[in-house]
Amino acid sequence: MAFKLKLTGATAAASLLALSAAQANEPVTLTIVSWGGAYTASQVRAYHEPWMEMNPHVTIINDDGSANALAGLRAQAQAGNVTWDLVDMLPSDAQLACDEGIIMQIDHDAILAAAPDGTPASEDFLPGSLGECFIPQIVYSTVLSFRPDAFPADGQPETIADLFDVENFPGRRALQDRPGTNLEWALYADGVDPDDIYDVLRTPEGVDRAFAKLDTIKDHIIFWTEGAQAPQLLADGEVAFATGYNGRMFDAIEVEGMNAEIIWDGQVVEWDGWVVPADGRNLDAVMDYLYFATDTQRLADQAKFISYGPARASSAALVGDHADLGIDMGPHMPTAPENYFAPIVLDNDFWVDYGDEMRERFANWMLQ
Amino acid sequence: MPLPAYATTKDRIWYYTFRVICYAIFFFLMAPILVMIPLSFNAQPFFTFTSEMLMLRPEGYSLRWYQDFLGSDSWMRSIRNSFMIGIAATILATTLGTLAALGLSRSEMPFKGLVMALLISPMIVPLIISAAGMFFFFSQLNIAQSYLGVVLAHTALGTPFVIITVTATLVGFDHSLTRAAASLGASPSTTFFRITMPLILPGVISGALFAFITSFDEIVIVLFIAGPEQRTIPREMWSGIREDISPTILAVATLMVLISVLLLVTIELLRRRSERLRGLTPG
Amino acid sequence: MAQADAGAAFEDAQTDSSGRLTTADGTPLRAALRRAERRRKVAAFLLVVPLLAFILTFFVFPIAQMMWRSVDNPQVVRALPNTLEALRDWDGRELPGEEVFAALHADFVVDSERPRREQAMGPLGIRLNYELSAARSAISRTARSAPGFEAPYRDAFVSSHRLWGQPELWRIIKREGRPLTASYYVAALDRQYDEDGSVIMRDENRRIYVSLFVRTIMLSVAITFLTFLLGFPIAYYLSILPMRHASLLMICVLLPFWTSLLVRTSAWIVLLQQQGVINSTLVAIGLLDDANRIQMIYNMTGTIIAMTHILLPFMVLPLYSVMRTIPPSYMRAAKSLGATPFTAFRRVYFPQTLPGIGAGGVLVFIISIGYYITPALVGGQSGRMISNEIARHMQQSLNWGLAAALGTMLLVGVLALYWLYNRLVGADSLKLG
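Chains as they are written, first to last, in the working numbering: chain B, 1 to 368; chain R, 1001 to 1283; chain L, 2001 to 2433.
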């Protein structure tokens, strides 16, 4: 199998592979850090298992430390003892880690597979998704969902603006207890064009405007913290609206049979992907893994197990049915054309720069 | 204290009200633990008693959550880890703590108050602060994310309990016994193992059990300095509660209560033995 | 052993020519005893040394080191030595002159030649961003292009990022250009520096920590009071029961005490959540409408209920051990002298329980003020405490200096209470089980 890959891969990658093939018999243990739960499970089935089949000398340990990945990376780098080999993290954290020099800079075309039609990786990945040190894997989005039975049949909510309209759409709303997404939606609902949202938020008046809009629904909000809580609140009938990650909502609706619908208007789109800690011990194996796990087919495969969109344009056509449910996953992807009509692409630069300030203000606002 | 025959109506009302209040508080203390146990046998993935359960019909009950738990690699690994780390930390804490308690209980010990306060401090300092400090320091020593790191941290947390229980046993300790042994020609080590040790043993063992349960129950330090390979039972429970609370947690919890009961009984027996040995009648 | 030495010195005592007591080898007895005494001191101390060394190394030192982070401030000094030198005479009002920008350029050039892992600009940007939002991207964006800048540097920098044209960024650079800083404490107290460098309150809508400290203290007071309210009657009841009966009921206190914290916390989640036992029971017996299930968890109520339950044994045990020692004859005497039961209780019994109340109260308060796990699991937003914020800064926002400053403030408070506790009852009188 390794040889097959070498034939199809770019030359630079091929030489790396040859390197790793030379050491193929030495047992290697890779510690791969990810988010745990259903997400890690989808990576295990789409990436780890097929790759380990080709590389029987490698054992993978899954560490679900992604939520605190930056803390771990920094501590390991300061200690000069890097025990993580590959880390799944958000691009904003990746940007900070990259600034600090504790993760490797990535030459995407040199180490990643080209698309089947030969398009180099840097052009195949979705625009804006590649980072200096960041290899995107999936597109996920934060979406608004609602219970259809909470509203009359002829008055179902359709837009983010309806979330802020308690007159016509009464009921409690479950929002995440952090500023991200909430501030964007407040401005969007207040009439700001999705492309201008972050320009407005960079001004003090824009922030005031977002909070003023949030004030209008404040008495109707329940805050959630963990990703699992949002669908739970909807399922229990606690709330009429809930924000949540599209993958979680998909599971709750399609797998658990929850009575809810997703509003794709104003979905806040973000990437998630890999970074490689600097000074890792098993760089050859990591590069071999990355080349394999981020190719067009593998990214498409992950969508069989969880409803997050592949970060490569060339993968979209290959997204098939859910492995266990047999549902066609195409229409459930955030990137499906019928869903991607008014996306707000999360601006990581904004959140890295203003995150602390916004969090303080949001924490203060929640407790007022 | 039974109600005396001459009690007035007011006394009677007060007597019974007071007892009702007390039993209500005892109920408050026990109820969470007692409610959890039957629910861990629920055949349904709910946290409420189903009607089948209330009617005591066998189909309302099942062992599926126990099977879930026993069949899961990560839970099994966490049990192994909890015991390994707990036992290693207990041995270290008991050895260091007993030696220190012997020194501290001597009247000649210099700076006794200060040293005592320092050695007890791991029990007082908020865990989040200990955990933060250890996270940085252990990372520098390359022992974060290792068994050694967790064991050392848990040792530090466990020693105050050993010191407290052993010093408590030594309060009633008759030092003329060791002097007698010494004057009869026993070497210090013979004196220790033949005279001192048997007398303070109950204190040492209950200190060890405290140290063990401290490690066994500890989660904050584990959250900060343990890696994926060192995940303990509380760490697994933490993920379970935060991500998706299923009755498997209750099955684990029920088994943990069982362990607590065993430890509690052991401690109580030891306490009685110690009091008997020291010539104090229990109570 | 030490006792044997002293004994030997004593047995061999003789009298020397001047009539002073001496040992067999002629040493004055006083000196021999003093030496024996010193030897015993050393022997006692030696027994303590291993643990003392262990605790100092693996407990005290790490905490001291963490506290150091709350004032440690190496980033600016390391990244911008030339700039700081050039800023020395700057008055902090207008934008600095061209020579400062030239020095800044020099610093960027020096840094770009360092190996990537040792570059100082990344950490600098992150550090400055704590003081001024967007300072990070000002640094990182400039770092890429700065080595290629040509004079006049001032225009080049200002056009690469707007913040370089704002005196505020320069004031921060100058202020933080020292190896030690107070700014983490300033932030931890919801304060900030103004243009003249004096400390003022933050904008009202960004203040969070002081109110969080206040809430932590209020919650701890409430929990301590509740444990007292619930603990006092049962400790009293246990103390008047015959021993055998009391031991049996004591299990109700000790079993929760010995049960894992996470077990008890999950038990409360099971009981209190909206689909949980209490709500469902109330709905089933018709006391509650299905649509109006009570929110008892993931808020302050949840934290208070669960923590009161968890900490109740810490109140009952010291109270019980004190109450056991109060002879019932005192109350009888008071009553026989004409006191009403209430007066007898208030004037005679209650004052004698004060040491127990003090011990239990301080203990419960100390433990609850630094509590982390239970508020994190059942506290939601309104039940969060200061420890949760420390953990967030440790693990998520990664502002370790601020985490250390908050932690140091919490630690100082707890240690002050511990000192008080020591004065009240003595650390070694803690009773366990």
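Backbone N, C-alpha and C fix where the C-beta goes; we use that ideal spot for every residue, glycine too.
- Taking B/A94 as reference, the option from B/G320, B/P120 and B/S66 with the minimal CA-CA separation is B/S66.
- The beta carbon of L/V2077 sits closer than 8 Å to the beta carbons of L2084, G2177, R2178 and P2179 from its chain, once the five residues preceding and following it are set aside; these are given in chain order.
- Between L/V2071 and L/T2181, the gap from beta carbon to beta carbon is short of 8 Å.
- Using a Cβ distance threshold of 8 Å, B/K213 and B/F164 count as a contacting pair.
- Contacts between B/Y354 and chain L, judged by CB atoms closer than 7 Å, involve S2133 and A2134 in chain order.
- The shortest C-alpha to C-alpha distance from B/A278 to any of B/M287, B/P337, B/V207 and B/E270 is the one to B/M287.
- Within the segment 221-242 of chain B, E226 and A228 place their CB atoms closer than 7 Å to a CB of chain R, listed in sequence order.
- Taking the C-beta atoms as reference points, R/F1135 is found nearer than 8 Å to B/A75.
- The alpha carbon of R/E1229 has as its nearest neighbour, out of B/A38, B/I61, B/V44 and B/V28, the alpha carbon of B/I61.
- For the segment 74-101 of chain B, the beta-carbon criterion of a distance under 7 Å to any beta-carbon of chain L is satisfied by R74, L96, D99, E100 and G101.
- Nearest Cα to R/I1120 within the set R/A1100, R/D1073, R/V1150 and R/G1149: R/A1100.
- In the DSSP assignment, B/I253 forms no beta bridge with any residue.
- In terms of beta-carbon proximity, B/A71 lines the interface with chain L, with at least one pair separated by less than 8 Å.
- Here R/A1043 is near R/G1060, since their CB atoms are less than 8 Å apart.
- The segment 2182-2269 of chain L is shown to contain whole beta strand (DSSP E) runs of 3 or more residues at 2191-2193 and 2199-2201, in chain order.
- By a beta-carbon distance limit of 8 Å, R/M1237 contacts L/L2262. Their separation comes to about 4 Å.
- From the beta-carbon of L/H2309, the residues of chain R found nearer than 8 Å are F1028, L1029 and P1032.
- If you compare the alpha carbons of L/V2253, L/I2326, L/R2114 and L/D2194 with that of L/L2317, the shortest gap goes to L/V2253.
- In this model, R/P1058 and R/R1064 are separated by some 13 Å (Cα to Cα).
- For B/I222, DSSP records a beta bridge to B/A174.
- Listed along chain R, no residue sits closer than 8 Å to B/G273 by beta-carbon distance, the nearest being about 20 Å off.
- Listed in chain order, the positions of the segment 2109-2127 of chain L with a beta carbon within less than 7 Å of a beta carbon of chain B are R2116, R2117, Q2119, G2122, P2123, G2125 and I2126.
- Burial of B/Y188 is indicated by the presence of at least 16 other C-beta atoms within 10 angstroms of its C-beta.
- In the three-state reduction of the DSSP assignment, B/D165 falls in the coil class, being assigned neither a helical nor a strand state.
- When DSSP assignments are scanned along the segment 1126-1184 of chain R, the uninterrupted stretches of alpha helix (DSSP H) that are 4 or more residues long and fall wholly within it turn out to be 1127-1140, 1147-1171 and 1176-1183.
- Between L/A2267 and R/I1213, the beta carbon gap of about 17 Å keeps them out of contact (Cβ cut-off 8 Å).
- For R/P1198, there is no enclosing beta strand (DSSP E); the enclosing alpha helix (DSSP H) covers residues M1197 to D1217.
- For R/E1108, there is no enclosing beta strand (DSSP E), as DSSP marks it with neither H nor E.
- Using a CB distance cut-off of 8 Å, B/G36 counts as an interface residue toward chain R.
- At least one beta carbon of chain L lies nearer than 8 Å to the beta carbon of B/R361.
- Scanning its chain for C-beta atoms nearer than 6 Å, with the 5 sequence neighbours on each side dropped, one finds around B/R312 the residues D124, F125, T296 and L299, in chain order.
- Using a Cβ-Cβ cut-off of 8 Å, L/A2267 counts as an interface residue toward chain R, since at least one Cβ of chain R sits closer than that to its own.
- Between the beta-carbon of R/S1206 and that of R/T1165 there is about 5 Å, and that keeps the pair under the 8 Å contact cut.
- Using beta-carbon distances, R/A1156 counts as an interface residue toward chain L, with a partner under 8 Å.
- The criterion of a C-beta distance shorter than 8 Å is not satisfied by B/F241 and B/F362.
- Listed along chain R are P1228 and E1229, each with a C-beta nearer than 8 Å to that of B/I61.
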